[in-house]
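First the structure, in the form of structure tokens, and then the observations on it.
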Amino acid sequence: MRKVRCLRRMKVTMSVCSDELLALAESLIVGENEASNRASVSRSYYALYHEAVITASFLSLPEAKDIKTAHERLIFRYSASSRGLSAIGRSLRKQKLMRAKADYDIRDMITSSDAKLHVATTRRVVSDLRRITSKIAN
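So the sequence shown is residues 527 to 664, counted in this note's numbering.
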């Protein structure tokens, strides 16, 4: 398996980086192919999730062991923090809900506009996370 060095200040080595997942999410948005739109939303969310995990660890955000799912624990880490970080928590929750809709609610339509908005929002939040860690690291 090939390893990619993420372009991050923390020098975290992962087999895939958020930027690659976001690029894939964008490439999946082709017209009104709903399956591709759903896959785009899912990949976009996971780009944000992995970026947020790295940043939460870098910032040493407190964990809540009593919360069952890794996704909800991550959302809690941000939501229970300062005002700026709690906004990240709200964004994570909103993006997670849309990902769940794309993955599980097959009766609800996911349009290319939905997918584009999800990717754009994810890019903004990933950028915010990187800006936060950059300020602290420098």
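Ideal placement from N, C-alpha and C gives every residue a C-beta, glycine not left out.
Checklist entry - Using CA coordinates, which residue listed in Ala578, Leu554, His597, Thr648 is at the minimum distance from Ser638? => result Each of Ala578, Leu554, His597, Thr648 was checked against the Cα of Ser638, and the nearest Cα belongs to Leu554.
Checklist entry - With distances taken between CB atoms, is the gap from Tyr572 to Leu600 smaller than 8 Å? => result Taking a C-beta distance under 8 Å as the contact criterion, Tyr572 and Leu600 do not qualify as a contact pair.
Item to check | Range of the contiguous alpha helix (DSSP H) that encloses Leu643 | outcome: Counted as a single uninterrupted DSSP element, the alpha helix (DSSP H) harbouring Leu643 occupies residues 638-663.
Next on the checklist: Just to confirm, is the Cβ distance from Ile614 to Leu655 under 8 Å?
Outcome noted: For Ile614 and Leu655, yes; Cβs fall inside 8 Å.
Checklist entry - Just the Cα atoms here: how many angstroms apart are Lys642 and Tyr575? => result Those two C-alpha atoms are separated by around 18 Å.
Checklist entry - Which of helix, strand or coil does DSSP assign to Glu577? => result Glu577 sits in a helix when the DSSP states are folded into three classes.
Next on the checklist: If the criterion is Cβ atoms closer than 8 Å, does the pair Leu618 and Tyr604 meet it?
Outcome noted: The beta carbons of Leu618 and Tyr604 sit closer together than 8 Å.
Item to check | CB contact flag (Glu560, Ile636, <8 Å) | outcome: In contact: Glu560 and Ile636 (Cβ atoms closer than 8 Å).
Checklist entry - Mind checking Arg569: buried by the 16 CB within 10 Å criterion, or exposed? => result Around the beta carbon of Arg569, a 10 Å sphere encloses 16 or more other beta carbons of the protein chains shown; the residue is thus reported as buried.
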